[in-house]
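Novice: Structure below; questions to follow.
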Amino acid sequence: MEENIFQGMEYVYEVYRQGSFQKAAEKLFISQPSVSASVRRAEERAGCCLFDRSMKPLQLTECGRHYIDAVERIMAVEHEFSEFVNDRNGLKRGSLVLGGSSMFSSLVLPPLMGEFRKRYPDISLELVEETTVNLEEMLLKGSIDIMFDYESAGSSAFTGEFFEEDRMILSVPKAFVDKNRLGKYLLDPAEISKAGAIGVPAVPLSEFENMPFVLLKPANDSRRRARQICADYGFEPNVIMEFDQQMTAYLASCSGIGISFTGSLLISRTAPNPDVCCFLLDGPHSRRNVCVFKKRGRYTTGAAKAFIELARENTVRKSG
């Protein structure tokens, strides 16, 4: 019988994931020499070196990159079939791997995961917190099952299902606000979770033209929208600080540093802060949809369907 070229692939893959033989051995609970020997045998079966051992940290060779790509496809097929069998047993077992950026992983997904665990205690849940770019790659490879992100992150390789609308809210340090002039625009944080915040007019952004702003870094969608909203009012914001995370920018506003553009998704899931005033923004750049993304053409497991349905129920409750 012809030898399976991918026999022992789990050892190769763990070395790739950990970046070293020693760390892989610790994860696999075997000795480092055993891992090294298993990888050497895999290289003999493949007919090429999979790792460049002269590099630190350990790097894949060109052959190694193709090998890992193939292994990830094999693992994805095995996972899909395993979940198909689990679905036939009525979600009595199985797993679900969720993906989300920092904000989704900290504010949106944990409550949903808690509710899901109550309903389906035998389903193993895992949450991967990564950048959008890395999450898209993992979704394509099958390393995660579904991903929560803004709709602009989607591509033709994914299908997205609406989860929640995110409105851009202007978070202004209390000391910057003249309530006599701007009082009618003040937004009660408790209203932010309600669709449209009925009865509260959008604030004219020109009121804050000469004040300091704290924005996210240029590659972020929130930054692009903030700059465009300011441009719609005919000015360039005076940016005194830049951050990686929306939460950090919001906390900077709470600390009196500057004005930030904060999503309603974040505001509605955090306790109101007395040191910041919230204002509704309007216009085409002030709204964006949060979606649940799946890989197009991939089998959607029963666990994934159940989680998406739970997310949909949550959205209905919030808007009701």
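Residues 44 to 363 (the numbering used here) are what the sequence shown spells out, left to right.
Glycine residues also receive a C-beta, built at the ideal position from the N, C-alpha and C atoms.
Owing to the predicted nature of the structure, the values given are computational and were not obtained by experimental measurement.
Starting from the Cα of TYR293, find the closest Cα among ARG224, ASN281, LEU308 and give me that residue.
Specialist: Numbered from 1 along the sequence shown, position 250 holds the residue referred to as residue 293. Ranking ARG224, ASN281, LEU308 by Cα distance to TYR293 puts LEU308 first.
Novice: From the DSSP output, in three-state form, read off VAL220 for me.
Specialist: Here residue 220 refers to the residue found at position 177 when the sequence shown is read from its first residue. The three-state reading of DSSP puts VAL220 in coil, since its state is none of H, G, I, E or B.
Novice: For ASN177, which of LEU168, LEU150, ASP192, PHE322 has the nearest alpha-carbon?
Specialist: Within the sequence shown, numbered from 1, the residue matching residue 177 stands at position 134. Of the listed residues, the one whose Cα sits closest to ASN177 is ASP192.
Novice: When DSSP labels each residue in this structure, what does THR202 get in the three-state scheme?
Specialist: Reading the sequence shown from its first residue, position 159 is the one you call residue 202. Note: THR202 maps to strand in three-state DSSP.
Novice: Counting pairs of beta carbons, one from the stretch 146-164 and one from the stretch 345-353, are three or more of them closer than 8 Å?
Specialist: yes
Novice: Going by DSSP in three states, GLY185 sits in which element: helix, strand or coil?
Specialist: Within the sequence shown, the letter at position 142 stands for residue 185. Three-state result, GLY185: coil.
Novice: Alpha carbon to alpha carbon, how far is TYR54 from GLU252?
Specialist: Your numbering for residue 54 matches position 11 in the sequence shown. Your numbering for residue 252 matches position 209 in the sequence shown. If you take the alpha carbons of TYR54 and GLU252, they lie about 58 Å apart.
Novice: Give the DSSP-derived three-state secondary structure of CYS364 in the structure shown.
Specialist: The chain is shown only over 44 to 363; residue 364 falls outside these bounds and no answer can be derived.
Novice: Should the stretch 313-324 be called in touch with the stretch 199-209, which here means at least 3 C-beta pairs below 8 Å?
Specialist: no
Novice: Drop a sphere of 10 angstroms on the beta-carbon of VAL120, count the other beta-carbons inside from all chains shown, and report buried for 16 or more, exposed for fewer.
Specialist: For the purposes of this step, residue 120 is identified with residue 77 of the sequence shown, where counting begins at 1. Classification of VAL120: exposed, given that the 10 Å Cβ count is below 16.
Novice: On the DSSP letters alone, give me the boundaries of the alpha helix (DSSP H) that VAL55 sits inside.
Specialist: Position 12 of the sequence shown holds residue 55. Its alpha helix (DSSP H) spans residues 52-61.
Novice: Could you please give the first and the last residue of the uninterrupted beta strand (DSSP E) stretch that includes GLY306?
Specialist: As a first step, residue 306 is located in the sequence shown; it is residue number 263 there, counting from the start. That run of the beta strand (DSSP E) goes 303-306.
Novice: Note down the Cα distance separating LYS66 from PRO261, rounded to an integer number of angstroms.
Specialist: Position 23 of the sequence shown, counted from the first residue, corresponds to residue 66. Position 218 of the sequence shown, counted from the first residue, corresponds to residue 261. Those two C-alpha atoms are separated by around 36 Å.
Novice: Per the DSSP calculation, TYR293 is bridged to which residue(s)?
Specialist: Within the sequence shown, residue 293 is the residue found at index 250, counting from 1. Paired residue(s): none; TYR293 is not in a bridge.
Novice: Quick one: what's got a C-beta closer than 8 Å to ILE283's C-beta in the same chain, skipping five residues either side?
Specialist: If you number the sequence shown from 1, residue 283 lands on position 240. These residues qualify, in order along the chain: PRO255, PHE256, VAL257, ILE300, GLY301.
Novice: Specify, as a first and last residue, the run of the beta strand (DSSP E) that GLY157 falls within.
Specialist: One-based indexing of the sequence shown puts residue 157 at position 114. Counting along the chain, GLY157 falls outside any beta strand (DSSP E), though it belongs to the alpha helix (DSSP H) covering 152-162.
Novice: Should GLU169 go down as buried or exposed, given a rule of 16 or more other Cβ atoms within 10 Å for buried?
Specialist: Position 126 of the sequence shown, counted from the first residue, corresponds to residue 169. Its Cβ having fewer than 16 others within 10 Å, GLU169 is exposed.
Novice: According to the Cβ coordinates, are SER57 and LEU71 closer than 8 Å?
Specialist: Residue mapping note: residue 57 aligns to position 14 of the sequence shown, counting from 1. Residue mapping note: residue 71 aligns to position 28 of the sequence shown, counting from 1. Reading off the sequence, residue 57 comes out as Glu, not Ser. Contact: yes.
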